[in-house]
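Okay, structure first, notes after.
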Amino acid sequence: SQQGEEDPQALSIQEGENATMNCSYKTSINNLQWYRQNSGRGLVHLILIRSNEREKHSGRLRVTLDTSKKSSSLLITASRAADTASYFCATATGGSYIPTFGRGTSLIVHP
Amino acid sequence: GAGVSQSPSNKVTEKGKDVELRCDPISGHTALYWYRQSLGQGLEFLIYFQGNSAPDKSGLPSDRFSAERTGGSVSTLTIQRTQQEDSAVYLCASSPSLAGNYNEQFFGPGTRLTVL
Chain A
1 SQQGEEDPQA LSIQEGENAT MNCSYKTSIN NLQWYRQNSG RGLVHLILIR
51 SNEREKHSGR LRVTLDTSKK SSSLLITASR AADTASYFCA TATGGSYIPT
101 FGRGTSLIVH P
Chain B
1 GAGVSQSPSN KVTEKGKDVE LRCDPISGHT ALYWYRQSLG QGLEFLIYFQ
51 GNSAPDKSGL PSDRFSAERT GGSVSTLTIQ RTQQEDSAVY LCASSPSLAG
101 NYNEQFFGPG TRLTVL
């Protein structure tokens, strides 16, 4: 089964609204990363948060990590049509260097 | 510098034929990963190379799949006797030297494989 699972599977919002996506995982992690994928092609790294961090910001992105709940959230503020994409979380556990990806959240931002 | 490149971008083949997919990682990146992504699904790990170490092949779905990485750089994923269920986007990613922890991956644009 997937280590990380994103929720919701799909999200549709209007431009200017905020978008929140969640990722839940099962076992303790070293770090968690969020990626964006446009049109089913390559993924682009957005942000990495380590297990000893609780919140990170990058531009309009805000990521939180709650290790007690084994969950993370990605917030995109003031969304734009160009943010339309699929968003994936990836977790690395223990001594493994092989990240596990969830099935992703499909975000559609309507202009 | 250049990012990760993959070729071909699209490949259509007939069931039973062999295919080779190529990945050129970012220069200097010692880690290289292959993933498969079926329509609307997440990424399925296939194989991982790290420097000169033996590759981690634990994700390869069958013995029809193999991969090699020559000179610690270019990698080729080979699928023998392709089946229709092999149709997917095959993604390659590379990552810089590890510092005791998992690092950011840089993905190529993928190869879309269609098996008729």
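Going down the list, the protein sequences come from chains A and B. The first sequence begins at 1 in the numbering used here and counts up one residue at a time. The second sequence begins at 1 in the numbering used here and counts up one residue at a time. Here a beta-carbon is modelled for each residue, glycine too, at the ideal position from N, C-alpha and C. Every value quoted in this text rests on a predicted model; they were computed, and no experiment measured them.
- Residue-level contact by beta carbon holds for residue 31 of chain B and chain A, with a gap shorter than 9 Å.
- Considering only beta carbons, the part of the stretch 56-70 of chain B lying closer than 9 Å to chain A consists of 56, 58 and 59, in chain order.
- The C-alpha of residue 98 of chain A lies about 18 Å from the C-alpha of residue 24 of chain A.
- Nearest CB-CB separation between residue 108 of chain B and chain A: below the 9 Å threshold.
- Using a Cβ-Cβ cut-off of 9 Å, residue 25 of chain A is close to nothing in chain B; its nearest Cβ partner there is about 13 Å away.
- Taking the Cβ atoms as the reference, residue 107 of chain B lies roughly 15 Å from residue 88 of chain B, outside the contact range of under 8 Å.
- According to the DSSP assignment, residue 33 of chain A belongs to the beta strand (DSSP E) that extends over 31-37.
- In the displayed model, residue 72 of chain B falls within a helix according to three-state DSSP.
- The beta carbon of residue 100 of chain A sits closer than 9 Å to some beta carbon of chain B.
- Membership of residue 7 of chain A in the beta strand (DSSP E) is indicated by the continuous run 4-7.
- Cβ-Cβ separation between residue 105 of chain A and residue 6 of chain A: approximately 4 Å, consistent with a contact (criterion under 8 Å).
- Comparing alpha carbon positions, the residue from A:41, A:83, A:72 and A:36 closest to residue 18 of chain A is A:83.
- When DSSP reads this structure, residue 19 of chain B sits in a beta bridge with B:79.
- Looking at the DSSP output, residue 56 of chain B sits in a beta bridge with B:48.
- When C-beta distances to chain A are compared with 9 Å, the residues of the stretch 38-57 of chain B below that value are 39, 40, 41, 42, 43, 44, 45, 48, 50 and 56, in chain order.
- Of all residues in the stretch 29-63 of chain A, the ones placed with a Cβ closer than 9 Å to any Cβ belonging to chain B are 30, 31, 33, 35, 37, 40, 41, 42, 43, 44, 45, 48 and 50, in chain order.
- For residue 103 of chain A, the chain B residues whose Cβ falls inside 7 Å of its Cβ are 41 and 42, in order along the chain.
- Within the model, the alpha-carbon separation for residue 12 of chain A versus residue 75 of chain B is close to 38 Å.
- For residue 115 of chain B, same chain residues with a beta-carbon under 7 Å away, outside a window of 5 residues either side, are 13, 15, 82, 83, 84, 86 and 87 in chain order.
- Contact between residue 36 of chain A and residue 46 of chain A holds, since their C-beta atoms are separated by about 6 Å, short of 8 Å.
- Its Cα nearest to that of residue 63 of chain B, the residue B:78 stands out among B:78, B:43, B:52 and B:3.
- In terms of Cβ geometry, residue 4 of chain A and residue 89 of chain A form a close pair [threshold 9 Å].
- Assignment of beta strand (DSSP E) within the stretch 34-92 of chain A, counting only whole runs of 3 or more residues, yields 43-50, 55-58, 61-66, 71-76 and 85-92 in chain order.
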